[in-house]
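Asker: Dumping the structure here so I can ask a few things about it.
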Amino acid sequence: MTGSTSEGVLPGEVQTGSETPLLRVRDLVKSFPVRGGVGRRGKSFVQAVAGVSFDLSRGETLSLVGESGCGKSTTARCVVRILDPTSGSVEFDGIDLNGLSADDLRRSRRRFQMVFQDPQASLNPRMTIGQTLSEPLHIHGVDPAESRDRIRELMSLVQLRDGDLDRYPHQFSGGQRQRIGIVRALVLRPELIALDEPVSALDVSIQAEIIRLLERLRDQFGLAYLFIAHDLSVVRHLSDQVAVMYLGTIVESGSNSDVYDNSAHPYTQALLAAAPIPDPRIERTRPRIVLAGDPPSPINPPTGCRFRTRCWKAQPRCAEEEPVLADPGIGHLVACHYPEASNVITSRPDRPIGGAL
Amino acid sequence: MTVSVTTSGSGMSAQRVSRIKAVGGLLRHPAIAFGVMISAAWLVVVLTVHWWAPYDPYESVGERLRSPNGDHWFGTDALGRDVFTRVLYGARQSLPISVAVIACALLIGGLLGAVAGYFGKRVDTVVMRLVDVTMAFPPILLAMAVAAALGPGLRNGFIAMVVVWWPIYARLLRAQVMAMKHKEHVEAAVSIGATRSRILRRHVLPLSFTGVMVNATVDLGQVVLLTASLSFLGLGALPPAPEWGAMITEGAKNFYQWWIALAPGLAMVTVVLGINFLGDGLRDVLDVKVASK
Numbered sequence: 000m001t002g003s004t005s006e007g008v009l010p011g012e013v014q015t016g017s018e019t020p021l022l023r024v025r026d027l028v029k030s031f032p033v034r035g036g037v038g039r040r041g042k043s044f045v046q047a048v049a050g051v052s053f054d055l056s057r058g059e060t061l062s063l064v065g066e067s068g069c070g071k072s073t074t075a076r077c078v079v080r081i082l083d084p085t086s087g088s089v090e091f092d093g094i095d096l097n098g099l100s101a102d103d104l105r106r107s108r109r110r111f112q113m114v115f116q117d118p119q120a121s122l123n124p125r126m127t128i129g130q131t132l133s134e135p136l137h138i139h140g141v142d143p144a145e146s147r148d149r150i151r152e153l154m155s156l157v158q159l160r161d162g163d164l165d166r167y168p169h170q171f172s173g174g175q176r177q178r179i180g181i182v183r184a185l186v187l188r189p190e191l192i193a194l195d196e197p198v199s200a201l202d203v204s205i206q207a208e209i210i211r212l213l214e215r216l217r218d219q220f221g222l223a224y225l226f227i228a229h230d231l232s233v234v235r236h237l238s239d240q241v242a243v244m245y246l247g248t249i250v251e252s253g254s255n256s257d258v259y260d261n262s263a264h265p266y267t268q269a270l271l272a273a274a275p276i277p278d279p280r281i282e283r284t285r286p287r288i289v290l291a292g293d294p295p296s297p298i299n300p301p302t303g304c305r306f307r308t309r310c311w312k313a314q315p316r317c318a319e320e321e322p323v324l325a326d327p328g329i330g331h332l333v334a335c336h337y338p339e340a341s342n343v344i345t346s347r348p349d350r351p352i353g354g355a356l
Numbered sequence: 000m001t002v003s004v005t006t007s008g009s010g011m012s013a014q015r016v017s018r019i020k021a022v023g024g025l026l027r028h029p030a031i032a033f034g035v036m037i038s039a040a041w042l043v044v045v046l047t048v049h050w051w052a053p054y055d056p057y058e059s060v061g062e063r064l065r066s067p068n069g070d071h072w073f074g075t076d077a078l079g080r081d082v083f084t085r086v087l088y089g090a091r092q093s094l095p096i097s098v099a100v101i102a103c104a105l106l107i108g109g110l111l112g113a114v115a116g117y118f119g120k121r122v123d124t125v126v127m128r129l130v131d132v133t134m135a136f137p138p139i140l141l142a143m144a145v146a147a148a149l150g151p152g153l154r155n156g157f158i159a160m161v162v163v164w165w166p167i168y169a170r171l172l173r174a175q176v177m178a179m180k181h182k183e184h185v186e187a188a189v190s191i192g193a194t195r196s197r198i199l200r201r202h203v204l205p206l207s208f209t210g211v212m213v214n215a216t217v218d219l220g221q222v223v224l225l226t227a228s229l230s231f232l233g234l235g236a237l238p239p240a241p242e243w244g245a246m247i248t249e250g251a252k253n254f255y256q257w258w259i260a261l262a263p264g265l266a267m268v269t270v271v272l273g274i275n276f277l278g279d280g281l282r283d284v285l286d287v288k289v290a291s292k
């Protein structure tokens, strides 16, 4: 378990201050060209990610949460360089990935890996599991004996048998395939793994099992996770930091308890209010926030605050001025002109709840 | 590069069983079974005809222009050669060359199309404009032009047909590759650091070929006809050779001796029918979308 260049950093240690974070994303923008219809001239662009910044330290987990189409998966793909960002910077361990040559980028990929949403689609159906798992090691020049050991070790960690290596993806269940996907991400001993909704394609009964597995692996290998989810309840006990995205921007970010128990952005509150609570007494009495309509098209986002078209607190100012992500005096960052911190989960502000979710 | 941890291998055998079942289902369909039978019969003819053919295809073995009888099942032609024997030997001309044309067109066109689809941008523009230009000509006209420019003969006919046929596979494979390159398993290959050529070779091409193989099978019948057409026009096989198209030309000269043209015509009908049934069957088995209907 070597390969880390910065010294004196213990896995799982939360870093603060001037220490370089493992991952540093600044003003990340990714836009895609939109083909015009017949006779329409000129290209228009859709900004899937419209200026996102965050830090992630070694061993920490940052969850990006938001509804589908908000740009969270695109952000993850830009971070692990499956997509090239349009502008902005992604620094990994102090190295700006934009500045690397194609070959250097390929070589540094061993340090950040990805687990995909659909475990079936993310495995090559024509390759056996053994071929799939040894390919990254072969590409990065790990010697065959070492490769075999690593694969065996990880296979047993995720409770797959050695005999499974000779089988094809279609011979496994969804949960098993996702564990294979996780092993593939782990064989190169990365420091960061981007997890793109790794459990949302799985049965509920298997989701918890995979989440527990991810937690165990993180603690064992000192991994940093960038966890993408559309459901706040899934990420709750896994993450250290949470960032809520809406239409390509982060609207609120902070530590787990900041966002869950003391959310200040109306969108975050709506998301939290939508998650069911397994306690019927709280569930019955807590306030309902139902958002009207769908998110607006990112091709033509609203002026000012992007959330104002669905916000019940919108004022004329929201249409004119885009709120910046800043701390309104509650200890974490919110992009709203009229933030009000409250605990929507229990509707009792300022009282921390213990394990209700 | 594979990590081979050998075990019972039960997985492989399960796959083999499902494959055998698929083939069994294929043969149960009468049209497909018919196609397989005819194709297999012609294959046997191609491989073994020299052992059991009744006469020599080049020798005069009887009276000229005899109508079909017990000695000469399809009569004799203007030089007294046995038409039945010549038709059987004709399979040795048409079928191998048709397979070779498809194989070459698939290799050249498929490769160009895959590269165009995968790399996009300028490569794509150049390849696809070339495809457009080639496909703008009626196939038989272009093949005639090329064959005429190179001079008659089966080899030049072969080149002409590859020139006509490659754009079909370029288009097909380009579309397949473009659909394939945004799949998650390709993204996964990017994220493990695979080079672009490795991704194309191992993660895109093997999965893009299934649909194209079905098309290639069905096209084989078309190429058999094109080969005959070129020979019929005097641009393919040269006279003494027992080629089906060339034989029909001879038949046209002896119009009232209908058997001379009928025999190679029947041969072509059966070959093309057999291949088409076979291709349709393959599509049913390999393409889930059609099979589930």
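Chains as they are written, first to last, in numbering that gives the first Met the number 0: chain A, 0 to 356; chain B, 0 to 292. In this text, a Cβ means the ideal position worked out from N, Cα and C, and glycines have one as well.
1) Counting only beta-carbon separations shorter than 8 Å, does Ser121/A have a partner in chain B?
2) Do Ala242/A and Leu61/A have their beta-carbon atoms positioned less than 8 Å apart in this structure?
3) When Cβ atoms are compared, which residues of the region 204-217 of chain B fall closer than 8 Å to chain A?
4) Is His229/A close to chain B? Criterion is C-beta to C-beta, closer than 8 Å.
5) Going by DSSP, name the residue or residues bridged to Arg23/A.
6) Which partner residues does Gly253/A have in the DSSP bridge list?
7) Relative to the C-alpha of Glu242/B, which candidate in Ile259/B, Phe254/B and Glu62/B has its C-alpha closest?
8) So the beta strand (DSSP E) Asp165/A belongs to, where does it begin and stop?
9) So with Cβ pairs under 8 Å, would you call Arg109/A a contact of chain B?
10) At 7 Å on the CB atoms, spell out the chain A contacts of Ile37/B, in chain order.
11) Can you list, in chain order, the residues of the region 51-83 of chain A whose Cβ is nearer than 7 Å to any Cβ on chain B?
12) What residues in the region 180-202 of chain B bring their beta carbon closer than 8 Å to a beta carbon of chain A?
13) Using a 10 Å radius around the Cβ and a threshold of 16 neighbouring Cβ atoms, would you call Gln268/A buried or exposed?
14) At the 8 Å Cβ level, is Leu105/A part of the contact set with chain B, yes or no?
15) Report back the beta-carbon spacing between Ile31/B and Phe276/B to the nearest angstrom; my notes put them in contact at under 8 Å.
16) Measuring alpha carbon to alpha carbon, tell me which of Val82/B, Gln175/B, Arg170/B and Pro137/B ends up nearest Leu129/B.
17) By a C-beta neighbour count over all protein chains shown, 10 Å radius and 16 as the cutoff for buried, is Glu152/A buried or exposed?
18) At which residues does the beta strand (DSSP E) containing Tyr224/A begin and terminate?
19) To the nearest angstrom, report how far apart Ala142/B and Leu136/A are at their CA atoms.
20) Output the residue ranges of the alpha helix (DSSP H) runs that lie fully inside the region 76-157 of chain A and measure 4 residues or longer, sorted by chain position.
21) Considering only the alpha carbon of each residue, which of Arg109/A, Arg280/A, Ala274/A and Met113/A lies closest to Thr73/A?
22) Fully enclosed by the region 304-351 of chain A, which alpha helix (DSSP H) runs are 4 residues long or longer?
23) How close, in whole Å, do the beta carbons of Val211/B and Tyr255/B come, if the pair is a contact with beta carbons under 8 Å?
24) On the premise that Cys304/A lies in contact with Arg282/A, defined as a C-beta separation below 8 Å, what is that separation, rounded to the nearest angstrom?
25) Does the beta carbon of Arg34/A sit closer than 8 Å to a beta carbon anywhere in chain B?
26) Taking just the CA atoms, how far does Leu281/B sit from Arg106/A?
27) Mind checking who Ala193/A pairs with in its DSSP beta bridge?
28) Rounded to the nearest angstrom, what separates Leu234/B and Pro151/B at their Cα positions?
29) Between which two residues does the beta strand (DSSP E) containing Thr60/A stretch?
30) Residues of chain B with CB closer than 7 Å to the CB of Asp117/A, please, in chain order.
31) For Gln92/B, decide whether its Cβ has a neighbour in chain C, counting only Cβ atoms nearer than 8 Å.
32) Can Gln119/A and Ser199/A be called in contact, C-beta distance under 8 Å?
33) Using a Cβ-Cβ cut-off of 8 Å (strictly less than) and excluding sequence neighbours within five positions of Ala325/A, which residues of its own chain qualify?
34) Determine the direct distance from the alpha carbon of Leu206/B to that of Pro53/B, and round the result to whole angstroms.
35) Go through the region 108-189 of chain B residue by residue and report every complete run of the beta strand (DSSP E) that reaches 3 residues or more, in order.
36) I need the boundaries of the alpha helix (DSSP H) containing Arg280/A, first residue and last residue.
Answerer: Taking the geometry as given:
1) yes
2) yes
3) Pro205 and Leu206
4) no
5) Asp54/A and Glu90/A
6) Val241/A
7) Ile259/B
8) Premise fails: Asp165/A is in no beta strand (DSSP E) and is neither H nor E.
9) yes
10) Here the premise fails: no neighbours, minimum Cβ distance about 31 Å.
11) Val79 and Ile81
12) Lys182, Glu183, His184, Glu186, Ala187, Ala188, Val189, Ser190, Ile191, Gly192, Ala193, Thr194, Arg197, Arg201 and His202
13) buried
14) In the sequence as displayed, the identity of residue 105/A is Arg instead of Leu. Closer than 8 Å: yes.
15) 6 Å
16) Arg170/B
17) exposed
18) Ala223 to Ala228
19) 49 Å
20) 101-107, 128-138 and 143-156
21) Met113/A
22) 315-319
23) At roughly 46 Å, the Cβ-Cβ gap does not stay under 8 Å, so Val211/B and Tyr255/B are not in contact.
24) It is worth fixing the name first, because residue 282/A is Glu in this sequence and not Arg. Not a contact, Cβ separation roughly 30 Å.
25) no
26) 42 Å
27) Met113/A and Leu225/A
28) 4 Å
29) Thr60 to Val64
30) Glu183
31) The question asks about chain C, but that chain is absent: this structure's protein chains are A and B.
32) no
33) Leu332, Val333 and Ala334
34) 46 Å
35) none
36) Pro279 to Thr284
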